[in-house]
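Report on the structure given below.
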Amino acid sequence: MSAHDEEPDTLEEEHPLKEHLALSWSRQAGASFPKLWVGHLEGDERGVFAKAAIAPGEVVLQVPRACLMTLDVARASDVGRLIEAHAPDTSEESYLAAFLLQEREREDSAWKPYLDVLPRAFPHLPLFFDARELSLLKGSSTLREVARWKELMLTRYAELAASVPGFTRFTPDAFLWAQHVLISRTFGLTVEGRLIRCVVPVADMLNHRASPRVVWGNTEDGAFVLRAREPVAAGEELHISYGIKPGYRFLLNYGFVPEDNPDDTLVLYLGVPEDEPHAERKRELLSLPTPASRRRFEVPLHYGHSSTVAMFSFLRVACADTEELARLTAEAHEEQGLGPVPPLSSRTEARVLQHLSDLCEARLAGFDTTLEEDERLLREADLSRNERNCVLLRRGEKRLLHAYAGLARTIQASGGARDERT
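Numbers 59 to 480, taken from my numbering, label the letters of the sequence shown in order.
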């Protein structure tokens, strides 16, 4: 039976005891959701559905501020006060992660019914992939992003473990778990003129859609509100938007990749090769401390985007000739910094485009499959959830690599970068 086939009389009816207790706890704390029920989708996924028709503008979920897990709640707790005393510069995410871990170990925690229904593991997130699953991302910049993200979170843990008395009772793995609960479940609200991040029971069960029919906000007193902006028929699933993100971020945060994402980006790490003329001066101008240093760029397929402008500016400096480099250095001193760099000359722009094309082609050669093979796998192969997400991710990356390499070749072929003086 699908989740649409039959509507229970109450939100809790079709759920195991722990889910029933969590939903009842939310109601007792003042949450209101009379027209919603939670159904199980394929696998272990849940979805939130309409029990009855919902009109535009209707509030379908309201969760009082007392039921929200916020930084203020975490700071006021036992572990929060210890962090405040010994590591006051700790990030908001670390405060909340520490609070989650503290409450999870307390049998009498007021949050226990909610904590009991949180995932115990995140096998669909690449940080927790096994070696075979990670191998499916060979050639993808996502592997570097996973390593970077894990290093950041373990650094946060090490700083707390070294500074906060008793924090080592929480293991690094437990801290990673808590961080991923927050990554996949926090909402941003503007309360009393400031932006706060919070965990919202019930609302965190809604799945993503790029153009959802319900949107969230808050009341003046800080209660979380989910409101319909379009009519929703009885039995239909309700979605929220998880925001505008590239495919790799959806996978890192939520464990899925949209089939076709217009907001996809390409991550590139650029440096100045040691054999490049005036390499040391160029690295100094670009604030690269060593020959091995690289700068990270995340670019969409949009030439006018600020990230794309910054990437081409970097490449123009890296490819500049002696006269152009002297001019750029003088301008940087005069302006106290190097801003966007327009094309310097047709000859240097040709080098920029060739460098970009070569970089994209090298990245494409690093994959074990071609774009066409990935397309065929998605059409024909019987893939697991993680396998499909990996193929979707690398397909999106290859599309952008082909697009940028093709752009460079097209401009060069058209003569747009040819130096008329030569």
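Just so you know, even glycine gets a beta-carbon here, dropped at the ideal spot from N, CA and C.
The alpha helix (DSSP H) runs lying completely inside the segment 225 to 293 and spanning 4 residues or more are 230 to 243, given in chain order. By the 16-neighbour rule on beta-carbons within 10 angstroms, D322 is buried. With 16 or more other Cβ atoms from the protein chains shown falling within 10 Å of its own Cβ, R453 counts as buried. Nearest to V258 by C-alpha distance, out of H460, E100, Y172, E295, is Y172.
DSSP lists L326 as the beta-bridge partner residues of F355.
A108 is bridged by DSSP to L94. Relative to the Cα of P92, the nearest Cα in the group A108, R104, E100 belongs to A108.
Residue nearest to G115 within the set V96, S135, R271 is R271 (criterion: CA-CA distance). Going by C-alpha positions, Y462 is about 10 Å away from K456. For E295, the enclosing beta strand (DSSP E) covers residues 295 to 298.
For L119, the three-state secondary structure derived from DSSP is strand. Exposure of P223 is indicated by the presence of fewer than 16 other C-beta atoms within 10 angstroms of its C-beta.
L99 is classed as exposed because its beta carbon has fewer than 16 other beta carbons within 10 Å across all chains shown. Under DSSP, T128 shares a beta bridge with C256. Contact between L450 and E317 holds, with the beta-carbon distance rounding to 7 Å and staying under 8 Å.
Contact check for V375 against L344 passes: the beta carbons are separated by less than 8 Å. If one requires a minimum length of 4 residues, the alpha helix (DSSP H) runs lying completely within the segment 344 to 412 are 364 to 377, 380 to 393, in chain order.
The segment 290 to 302 makes no contact with the segment 435 to 444: fewer than 3 CB pairs, one atom from each, lie closer than 8 Å. In the three-state reduction of the DSSP assignment, H182 falls in the coil class. DSSP places E430 within a helical segment (H, G or I) once states are collapsed to three. Fewer than three pairs of CB atoms, one per stretch, sit closer than 8 Å, so the segment 276 to 293 makes no contact with the segment 331 to 348. Cβ contact annotation for H363 (same chain, cutoff 8 Å, sequence separation greater than five): V357, in chain order. In this structure, Q470 lies away from L373, with their beta-carbon atoms at least 8 Å apart. Secondary structure at I141: helix, using DSSP grouped into helix, strand and coil. Assignment of D416 by DSSP, reduced to helix, strand and coil, places it in the helix class. Of the residues assessed, T229 falls on the exposed side of the cut-off, its CB having fewer than 16 other CB atoms within 10 angstroms. With contacts defined as CB atoms closer than 8 Å, R352 and L383 fail to qualify as a contacting pair. The C-beta separation of N444 from F187 comes to about 7 Å, placing the pair in contact by the 8 Å criterion.
For E430, the closest of R405, D440, H460 by C-alpha to C-alpha distance is H460. Nearest to R467 by C-alpha distance, out of E407, R446, D426, is E407. Classified as exposed, I302 has fewer than 16 neighbouring CB atoms from the shown chains inside 10 Å of its CB. DSSP, read as helix, strand or coil, puts A219 in helix.
DSSP places V204 within a helical segment (H, G or I) once states are collapsed to three. For V399 and L359, the gap between their C-alpha atoms comes out near 19 Å.
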